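Participant:
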Amino acid sequence: MFAGKTTKLIGLYNESPFMNDEKLAVKPLLDQRYNATRINSHGGLQMLAHRIGKAEEIYPLLTETTREVYIDEVQFMGPYVIEVIGEIMMNNIHVIAAGLDKDYMARDFGPMAALKKLATQRIEVKAQCHICKKPANFTYREPGTDDLVVVGHSDMYQARCEEHWLQGMEGRKEISSPA
Ligand SMILES: [Zn+2]
């Protein structure tokens, strides 16, 4: 989203020495932003990507020439994403995944902790606080929906520092009610 992780992912895709038919890029179907088959960064970079509903749908997209799989918004790829990535890696295919660490309630986003354990390399992309431009560790979402998985307009989410995230969450019932 705003953190520059998609830009980073597309950059890695473009810098990769592999040919286009050796690289497979996927993104979640629920991500309605921008073009249907392209992953666009806010900086204007693009990468052709298949839209899939869940990680298992990567399997039929793999071909004999696939050497790398790029996954955007990996936190939305369903409950089996870790198993699928592990299996792809066992077939000597390099997996590059971009995802959000924390949801808007500052909870670990589903598979991210397990994914970090699986990773041989981690690149942390720090966003800037929407309000004060300090490093942002939190995701603030505009009130209005309590659905965990909402990928919509980029302006629905904001990167925020702890101070401004707390300020934004103040008075919202979801943070004061027990989990
Ligand atoms: Zn701030």
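Residue numbers (our numbering): 95 to 273. Glycine included, each C-beta is placed from N, C-alpha and C at the ideal position. None of these values were measured; they are calculated from a predicted model.
(1) Can LYS228 be considered in contact with ligand 1, in the sense that its beta carbon sits closer than 7 Å to one or more heavy atoms?
(2) Quick one: measure Cβ to Cβ for ILE104 and GLN140, integer angstroms, because I've assumed they're closer than 8 Å.
(3) On the DSSP letters alone, give me the boundaries of the alpha helix (DSSP H) that LYS99 sits inside.
(4) Counting only the same chain and skipping the five closest in sequence on each side, list residues whose C-beta sits under 7 Å from that of LEU106.
(5) Can you round the beta-carbon distance between VAL163 and ILE182 to whole angstroms, since I take them to be within the 8 Å contact cut?
(6) If you compare alpha carbons, which of ILE146, GLU256 and VAL120 is closest to LYS228?
(7) What's the C-alpha gap between ALA253 and GLU264?
(8) LEU123 and ILE146 - do their beta-carbons sit closer together than 8 Å?
(9) If you measure from the CB of ARG145, is any heavy atom of ligand 1 nearer than 7 Å?
(10) Quick check on the DSSP output: what are the complete beta strand (DSSP E) runs of length 3 or more inside the segment 132-174, in order along the chain?
(11) Over what stretch of residues does the alpha helix (DSSP H) that includes LEU260 continue unbroken?
(12) Mapping DSSP to helix, strand and coil, what is VAL219?
(13) Which residues bound the beta strand (DSSP E) around ALA192?
(14) Considering only DSSP beta bridges, list what LYS117 is partnered with.
(15) Nearest to TYR174 by alpha carbon, out of GLN215, GLU150 and PRO154?
(16) Please report how far the alpha carbon of CYS223 lies from the alpha carbon of ASN231, in whole angstroms.
(17) Report yes if the CB atom of ILE58 is closer than 8 Å to the CB atom of PRO205, and no otherwise.
(18) Measuring from the CB of HIS355, is there a heavy atom of ligand 1 at a distance below 7 Å?
(19) When the Cα of LYS196 is compared with those of ASN108, TRP259, ASN186 and ALA119, which residue comes out closest?
Facilitator: A quick look at the data gives this:
(1) yes
(2) That belief holds up - the Cβ atoms of ILE104 and GLN140 are roughly 7 Å apart, short of 8 Å.
(3) For LYS99, the enclosing alpha helix (DSSP H) begins and ends at 99-109.
(4) ILE190
(5) 6 Å
(6) GLU256
(7) Inter-residue distance for ALA253 and GLU264 is about 16 Å (C-alpha atoms, whole angstroms).
(8) In this structure, ILE146 sits near LEU123, with a CB-CB distance shorter than 8 Å.
(9) no
(10) 132-134, 140-142, 144-146 and 162-165
(11) 256-263
(12) coil
(13) Here ALA192 belongs to no beta strand (DSSP E), and DSSP marks it neither H nor E.
(14) GLU162
(15) GLU150
(16) 8 Å
(17) The chain is shown from 95 up to 273; residue 58 falls before or after that span and cannot be answered.
(18) The chain is shown only over 95 to 273; residue 355 falls outside these bounds and no answer can be derived.
(19) The shortest Cα separation from LYS196 among ASN108, TRP259, ASN186 and ALA119 belongs to TRP259.
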